[in-house]
Structures are given as structure tokens and as C-alpha cells.
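All residue numbers for the sequence shown refer to the numbering used here, where the first residue is 556 and numbers rise by one. Just so it is clear, CB atoms sit at the ideal spot from N, CA and C, and this is done for glycine as well. A quick write-up on the structure given underneath.
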Amino acid sequence: MRRISTGVFGLDRLIQGGLPENSITLLTGSAGTGKTIFSCQFLWHGLQKGERGVYITLEEEPDDIKEDALQFGWDFESFEKKGLFKITYHDPAQISIASTIIDEVKRIEAKRLVIDSVSIMGLNMESPSKIRKLLLNIINTIK
Numbered sequence: 556m557r558r559i560s561t562g563v564f565g566l567d568r569l570i571q572g573g574l575p576e577n578s579i580t581l582l583t584g585s586a587g588t589g590k591t592i593f594s595c596q597f598l599w600h601g602l603q604k605g606e607r608g609v610y611i612t613l614e615e616e617p618d619d620i621k622e623d624a625l626q627f628g629w630d631f632e633s634f635e636k637k638g639l640f641k642i643t644y645h646d647p648a649q650i651s652i653a654s655t656i657i658d659e660v661k662r663i664e665a666k667r668l669v670i671d672s673v674s675i676m677g678l679n680m681e682s683p684s685k686i687r688k689l690l691l692n693i694i695n696t697i698k
């Protein structure tokens with residue numbers, strides 16, 4: 556199975572070289588545990604390797620995320636201007652969120668996708684199985 560490096564080299568070593576390619580990885584934790592930082596590191600590392608990325612935020616403003624990323628030296632703005640990266644806010648109540656995410660990924664031919672956060676996206680769904688189906692639809696469409 557091919558692996559995609561997270562950019563966190565100690566973690567990559569522990570998980571046999573990175574995350575499985577073409578897979579969904581759920582990152583969970585309480586507020587302040589570093590989920591957003593990890594997600595930014597994952598996308599930034601991909602950009603450094605020539606892999607385009609999309610960051611869908613359902614909570615924070617894109618400018619706030621980009622500003623926080625700058626503290627680590629990750630200038631997402633420069634990649635956005637080149638059309639290699641896209642960070643957008645979407646209303647989690649939006650009915651067509653899956654098609655919106657798919658469109659964003661296809662538009663720039665992204666290799667890496669972060670959705671922050673899936674738990675917020677699931678607030679308007681009746682069951683966890685609907686979230687799973689939505690995520691599988693997204694990943695199968697963009698593979």
C-alpha cells in the first residue's frame with residue numbers, strides 16, 4: 556500500500572511511512588490539541604512536494620487559519636495565488652456540501668484534502684452512517 560507522508564517525520568516512521576494513499580483519516584481530539592496545526596502541516600508538506608491541497612473549514616475563518624499557519628512559516632497565501640492551494644469556509648448547514656467540496660478539489664486538481672471539522676458537518680445529519688456515506692462519496696469521486 557502506498558503511503559503519503561504527513562510531514563511529521565516521527566509520526567510517519569511510527570505509521571509505516573505516512574497515511575494510506577486515497578484513504579480517509581479521521582483526526583480527533585479536544586479543542587487545543589493540535590488538529591488544525593497537524594492538518595496545516597499535512598497540507599504544507601504536500602505543497603512542498605508539488606501536491607495541491609484544499610482546506611475546507613466549517614468553523615474558523617480562512618484568514619485566521621492562514622495567520623496561525625504563518626507562525627510556523629507556512630505561507631499558504633503564496634500557493635493560493637498560484638492556484639495550487641485553496642482554503643474556503645463553507646456553511647455546515649449547506650445541503651450540497653459534498654458537491655461543493657468535490658468541486659473545490661477538482662478545480663485545482665488537489666491531491667490532499669482537509670475538512671475541519673467533520674463533527675461540525677455531522678450536526679445536521681441524522682446518523683453517523685450518513686456522515687460516513689458523505690465522506691465515502693467525496694473520496695470515491697475525487698480518487
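For Lys-698, does the three-state DSSP call read helix, strand or coil?
coil
When you compare only the Cα positions, how much space is there between Thr-580 and Leu-574?
8 Å
By DSSP's criteria, Val-609 is part of a beta bridge. Which residues make up the other side?
Lys-641 and Leu-668
Buried versus exposed call for Glu-614 [16 or more other C-beta atoms within 10 Å across all chains shown]
exposed
Tell me whether Arg-667 counts as near the ligand COA, meaning its Cβ is closer than 7 Å to at least one heavy atom of that ligand.
This structure does not include the ligand COA; it has no bound ligands of any sort.
Option nearest Pro-617 by Cα separation, candidates Val-563, Asn-695, Asn-577 and Cys-595
Cys-595
Taking Trp-599 as the reference, which of Ser-684, Glu-664, Thr-561 and Gly-565 has the closest Cα?
Thr-561
For the candidate residues Phe-627, Glu-632 and Gln-626, whose alpha-carbon lies nearest to that of Tyr-610?
Glu-632
Note down, in chain order, each residue of its chain lying with its Cβ closer than 6 Å to the Cβ of Asn-577, except the 5 sequence neighbours on either side.
Lys-698
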